[in-house]
Structures are given as C-alpha cells and as structure tokens.
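Here the sequence shown stands for residues 181 to 293, numbered as in our numbering. Okay, structure first, notes after.
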Amino acid sequence: MCDCLFCKIVNGDIPSAKVYEDEKVLAFKDINPQASVHFLVIPKTHIESVDAINEDNSDIVSHIFRLIPQIAKSTGIKNGYRVITNCGPDGCQSVKHLHFHVLGGNQLSEKMA
Ligand code: 5GP
Ligand code: ZN
Numbered sequence: 181m182c183d184c185l186f187c188k189i190v191n192g193d194i195p196s197a198k199v200y201e202d203e204k205v206l207a208f209k210d211i212n213p214q215a216s217v218h219f220l221v222i223p224k225t226h227i228e229s230v231d232a233i234n235e236d237n238s239d240i241v242s243h244i245f246r247l248i249p250q251i252a253k254s255t256g257i258k259n260g261y262r263v264i265t266n267c268g269p270d271g272c273q274s275v276k277h278l279h280f281h282v283l284g285g286n287q288l289s290e291k292m293a
C-alpha cells in the first residue's frame, strides 16, 4: 500500500472535502486554509513533485491548469486567485505528491516568499 497522504485521499482511505473530481484529477479543500478559499488540485496518479514531471506524465499538468479556472469559479472565487506549487525542502513541500494550491476569495499578500 502506498504510504502517501494524498494517495490515501485519492483512494478514499482519508476523507476530504472534494470540490472537483474526474478520472485523472481530484481537488479538495486544504485542511489548513491560508485564504478564504484554499483548495488543492492533484493528479490521481502519484507524481512526487514538479521535479518529477517529464515527457510521459506532463499531460496531467495542462489538464489541471485547464480545470483550475472552472473550479475556482465553482468555489466562489470572483476576483482572481493565486496558484502555487511547492517543490522540495527549500520550497517547503510537506506532502510529496504533486499538488497545486489555489488561493483566493480575498485580497492576497503581495509577498511571494
Ligand atoms: P505543501 O506544504 O506540501 O505545499 O502543502 C501541503 C498542504 O496539504 C498543506 O497546505 C496542508 O495544510 C495540506 N494538508 C495536509 N494534510 C492534509 C489532509 O489530511 N487533508 C487536507 N485536506 N489537506 C491536508
Ligand atoms: Zn501519492
């Protein structure tokens, strides 16, 4: 069994507040929101991080980015949002399964780091 938190969420072993799902992608609310609206979009297949994106698995990234505007709209975001992906130790990636944070619903900080 895969010992990855987000794989467990995909498999339904750990519950999540889903905001979107299709056969390849799951989006769910972040358990510790950093904005009025904060959800994560993940591929259902395990990809460790941006560092592990390659020619064979990169289609999922464009799929995710095509979905983000419609998921953002469906969660009530109206006036823009921020998409973030943390990679590796210096990027403070805590869950080693590729995920895109989408934050919005209020004015965000100008600071990026
Ligand atoms: P990272 O720090 O890897 O970029 O982001 C991981 C995110 O996953 C964090 O924002 C954290 O709040 C969120 N997270 C960690 N555990 C869980 C969980 O069990 N459920 C949900 N919904 N989010 C989680
Ligand atoms: Zn995983």
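For glycine and all other residues, C-beta sits at the position ideal for the given N, C-alpha and C.
Residues near residue i in its chain [Cβ-Cβ closer than 6 Å; skip 5 each side]
| i | result |
| --- | --- |
| serine 196 | Ile189 and Phe208 |
Residue i CB to nearest heavy atom of the ligand 5GP below 6 Å
| i | result |
| --- | --- |
| serine 196 | yes |
| isoleucine 251 | no |
Classification of residue i by the beta-carbon crowding that lies within 10 angstroms, buried from 16 upward
| i | result |
| --- | --- |
| isoleucine 194 | exposed |
| isoleucine 211 | exposed |
| isoleucine 257 | buried |
| isoleucine 264 | exposed |
| alanine 293 | exposed |
For residue j and residue i, the rounded distance between their alpha carbons
| i | j | result |
| --- | --- | --- |
| isoleucine 233 | serine 242 | 12 Å |
| cysteine 187 | glutamate 203 | 14 Å |
| glutamate 228 | phenylalanine 219 | 18 Å |
Heavy atom of the ligand ZN within 6 Å of residue i beta-carbon
| i | result |
| --- | --- |
| histidine 218 | no |
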